[in-house]
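Quick mapping for you: the protein sequence lines, in order, are chains A and F. Going by our numbering, the first sequence wraps up at 449, each residue one higher than the last. Going by our numbering, the second sequence wraps up at 1379, each residue one higher than the last. C-beta: ideal position from N, C-alpha, C; glycine also. Written out below as structure tokens is the structure these notes cover.
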Amino acid sequence: MAVYYITPRRFRNLTLFIVDLVFYAWGEPWLVILMLFSILLNYTSGILIGVNREKKGLTKFIFILSVILNLGLLGFFKYAGFIGETLNMVMPFLNIPILEIALPIGISFYTFQTMSYTIDVYKNTVKVQKNIITFGTYVSLFPQLIAGPIVRYEDVAEQLMHRKETLQDFTDGVKLFLIGLSKKVLLANEMGNLWDAVRESGTQSGALGSWVGIIAYTFQIYFDFCGYSEMAMGLGKMFGFDFLKNFDYPYISKSVTEFWRRWHISLGTWFREYVYIPLGGNRKGLSRQIINIAVVWFLTGLWHGASWNFILWGLYFGVLLMIEKLFMLKVLKKAPAIISHIYSIIIIIFGWVLFYFENLNEMGVFLARMFGSDGFMMSGDISVKIISYIPLLIVAAITSTPLISKLYHKIKSKPIIYVIDNAGCVLALLLCTAALVSSDYNPFLYYKF
Amino acid sequence: MKIKNIIKYLPTVIFCGFIFAFAIFYFVLPKSNYSAQEKRKLSDFPEFTVEKLADGTFQSGIDDYLSDHMTARNFFVGFSAGYELVTGRNGSKGIYLGSDGYLFPKPTKDSEILSQNAEYINEYAEYSSIPVYMTVIPSTGYINSDKLPFDHEEYKDNELISSFKNKLSENIKFIDVTEDFKEKAKSEQLYYKTDHHWTSKGAFECYKLLGNAMDYEPVDESEFSVETIDGFYGTSYSKSALWTLSPDKIELWSRKNQPNDSVSVEISDGGEVISSDSYFFREQLKNDDKYPVFLDGNHSLVKIKNSNAKGGKLIVVKDSYAHAAVPFLSQNYSEIIMVDLRYYKKDVSALAEDEKADAILLLYSIDNLATDKNLAYLY
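Next up, the structure:
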């Protein structure tokens, strides 16, 4: 970071690009080449489309080729094993050898980012980036490389070339980063511990314990993902970038439609801009709209992972969104707020059951347990564990709502805010460092995608 | 810059200062390669080779090195332990903090190994020509259950021990100390606060209880002079990372009027033999963990002779709990051969025959008995 600020403004992108590559290569020494290839591919297609703007057929060809190559890379590295397995299952006589490929970190994120650029260049909504360093900086930008948000080129094009780092931005960045870090380390990891314990306890957890467990997972996945996004936004701010918000208190939604406007906003936007609207969106009649929704949600599910449960999860939401579009939204609007909240959160929680279990048998066992197949009450060690997590569950629930943020804004103009800000920073730094140092338990939840 | 601005941008100062301070301290402070608290060797700086760089082991080596040699690591681990404690997660590091500064490892669970061990012992006892005695020591959490925190996993030592006892054949004379310990613990400290082991007092109680079954007359408490050493931090303390707790006192009980040179201790781990004329190895008192003061901790085979004791040769097959008890047993057996099956991989029946032993005692804590697979080496 010091190096970045010592570097003259003109070369800051270069510095950032080099640091990004080293950062990536630290974890994935070989796969950095893949990322460089992806950068080169989309940079070149951008230039070629720009130069040949007049020749419609040629640009279309280049564009399609580029999209196929991009998706081909993603498909090969992420889905080759899955497709092979599925084909073998349906047609056992084929006997395709299954490739064991390690998934390159962040490939789902940076492929979507680079594609957003190529598509926008093709649509002529953004200017061609002639400087490969600048383009490379955009793709490899380390704060969001691993776990998003998916920053569209359009949103940062201006900042890439003329950004201004200020002390105020830096300070805001520090605060946001620490909030994100705390969410990840102090809440998500702990909720993950509880969820693991519930699953391992098997039949002991009963219906009650299973519900607490899946609620813990509901919190884990939110704080994990939201924490990473906020850390990325915070780091971005420290380097003068402004990324768009990725989460907006999704668990306070009153409908599934609203949930998806608040959850992983950058992914939703991407699919809307580059899949749903090009397919015709809602302009071509209801039946076409329903097909479009189905396609988008099939792909959304698939994007999250190469496994059938993710597709099931995507379609589950697709169907629910259609139902809401057809009549449910009107019903929900009339219903008391509390009913809409309960309806939404229960749908979301069941969604996470689909999301978590890649093994459909285990999913069935767990769902049955949630409905009392192993009795209602929990017993033995798991009840001890759950009781000890009650304070954190309460904190997690409160933090999922805008309550703290509202309180904060209320006192924002008073001098006491400085005490709170600084004490908060010190506490967050100490607690997060302590938690990270003391435990080796720090799995990345979202790096697979 | 105005004061107001400094306050406004203080988070930046704190953040950068924190990272900067870490970096500085990291390079300036000397690094040890052993952690006394964790009782393990810390990782070395990885050797650099191109292959290691390419397959990522060099990078993960650096990560391990950095985390092992983290500045103020103990402070942060302790800070996290305190935080977990106040937010309701007592026992998150596997150790409960009870009342009066007592630490309790989490309860032992029933296991396959426990029944397997009963089988091994039965098979051994069937062919043994000398009497086989056994006792199993309950855990501190079970005995001091009144001091446990409100939310804790259940200690079922009595069930485990009695079901284990029921699996043993009649060839084994089993001495169950659980009830007596439970009763005695109301007035006496039988276990350390910061360690899972029993105190000398606890070991002495067991020695008294064994006398009946093993047919010896226990020496009375008044016959011993007690030396007290302060500053004992046991393994539960290290695991809990609750650094502000007070240490234990460790007691060394010596027989009054014991003639000089009547005791000899010979330790052998395979080749070399170390000899001493005392049950207590005082150089171990320099460490935080002082329990190895008794017979120098774990060794494969230790011979303890006492020319002042009445006759009899006893083989003790044991875990570390025995170290505090054997000095008492040594008052009634002129020779004790202490065997630790975790290190001694030869046949115990052959040893008993060669040494012409009169009896054999199996002395295990329930925690070890339920996890140790080495009883297979009995015969």
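I want to see whether chain F comes within less than 8 Å of residue i, judged by CB atoms only; does it?
| i | result |
| --- | --- |
| alanine 435(A) | yes |
| tyrosine 110(A) | no |
| proline 149(A) | no |
| valine 22(A) | no |
| valine 32(A) | no |
| isoleucine 387(A) | yes |
| proline 391(A) | yes |
| lysine 414(A) | no |
| valine 426(A) | yes |
| aspartate 242(A) | no |
| valine 174(A) | yes |
| leucine 208(A) | no |
Quick check on this structure: which residue in the options has the alpha carbon closest to the alpha carbon of residue i?
| i | options | result |
| --- | --- | --- |
| aspartate 1358(F) | Arg1089(F), Leu1085(F), Glu1112(F) and Ile1130(F) | Ile1130(F) |
| alanine 1370(F) | Leu1010(F), Tyr1127(F) and Val1136(F) | Val1136(F) |
| tyrosine 122(A) | Ile390(A), Ser405(A), Phe63(A) and Gln289(A) | Phe63(A) |
| aspartate 120(A) | Ser45(A), Ala188(A), Val32(A) and Leu69(A) | Ser45(A) |
| aspartate 1296(F) | Val1317(F), Val1326(F), Ile1315(F) and Tyr1333(F) | Val1326(F) |
| proline 250(A) | Arg272(A), Leu315(A), Thr218(A) and Gly236(A) | Thr218(A) |
| asparagine 52(A) | Asn124(A), Arg283(A) and Cys432(A) | Asn124(A) |
| leucine 1314(F) | Ala1324(F), Glu1084(F), Lys1303(F) and Ser1320(F) | Lys1303(F) |
| glycine 75(A) | Ile47(A), Phe112(A), Leu58(A) and Trp297(A) | Phe112(A) |
Decide if residue i is buried, meaning its Cβ has at least 16 other Cβ atoms within 10 Å, or exposed.
| i | result |
| --- | --- |
| lysine 60(A) | exposed |
| phenylalanine 77(A) | buried |
| valine 1273(F) | exposed |
| glycine 280(A) | exposed |
| phenylalanine 444(A) | In this prediction, phenylalanine 444(A) has a pLDDT of 40, which is less than 50 and means its spatial position is unreliable; what the coordinates show is noted afterwards. The residue in question, phenylalanine 444(A), is exposed, as its Cβ has fewer than 16 Cβ neighbours within 10 Å. |
| histidine 409(A) | exposed |
| lysine 1286(F) | exposed |
| phenylalanine 376(A) | exposed |
| proline 149(A) | buried |
| glutamine 129(A) | buried |
| asparagine 1005(F) | exposed |
| alanine 1352(F) | buried |
At a Cβ threshold of 8 Å, is residue i touching chain A?
| i | result |
| --- | --- |
| phenylalanine 1204(F) | no |
| threonine 1371(F) | no |
| isoleucine 1014(F) | yes |
| valine 1122(F) | Checking the sequence shown, residue 1122(F) turns out to be asparagine, not valine. No, asparagine 1122(F) does not count as interfacial toward chain A. |
| valine 1077(F) | yes |
| histidine 1152(F) | yes |
| serine 1080(F) | yes |
| alanine 1322(F) | no |
| threonine 1087(F) | yes |
| proline 1011(F) | yes |
| arginine 1073(F) | yes |
| tyrosine 1083(F) | yes |
From residue i to residue j, what distance separates their C-alpha atoms?
| i | j | result |
| --- | --- | --- |
| asparagine 1122(F) | tyrosine 1364(F) | 15 Å |
| serine 1275(F) | glutamate 1266(F) | 5 Å |
| aspartate 1151(F) | aspartate 381(A) | 10 Å |
| alanine 454(A) | asparagine 309(A) | Residue numbering for chain A in the displayed model covers 1 to 449; residue 454(A) lies beyond these limits and cannot be assessed. |
| leucine 36(A) | lysine 164(A) | 27 Å |
| lysine 448(A) | tyrosine 222(A) | Any answer about lysine 448(A) is weak, because its pLDDT of 35 lies below 50 and its placement is not dependable; what the coordinates show is given next. So the alpha carbons of these two residues sit roughly 16 Å apart. |
| proline 1247(F) | alanine 1322(F) | 22 Å |
| phenylalanine 170(A) | glutamine 1189(F) | 57 Å |
| isoleucine 338(A) | valine 151(A) | 35 Å |
| alanine 1185(F) | phenylalanine 1281(F) | 28 Å |
| phenylalanine 1204(F) | tyrosine 1120(F) | 28 Å |
| threonine 15(A) | glycine 1082(F) | 41 Å |
| isoleucine 39(A) | methionine 115(A) | 10 Å |
| proline 1107(F) | aspartate 1289(F) | 22 Å |
| leucine 1168(F) | alanine 1376(F) | 15 Å |
| serine 1128(F) | proline 1138(F) | 26 Å |
| serine 229(A) | leucine 187(A) | 15 Å |
| phenylalanine 1027(F) | isoleucine 1007(F) | 30 Å |
| leucine 1097(F) | glycine 1202(F) | 21 Å |
| tyrosine 1133(F) | leucine 1252(F) | 26 Å |
| glutamate 362(A) | phenylalanine 371(A) | 14 Å |
| glycine 1088(F) | isoleucine 1229(F) | 34 Å |
| serine 340(A) | phenylalanine 350(A) | 16 Å |
To the nearest whole angstrom, what separates the beta carbons of residue i and residue j, a pair I think is in contact under 8 Å?
| i | j | result |
| --- | --- | --- |
| serine 255(A) | glutamate 324(A) | 6 Å |
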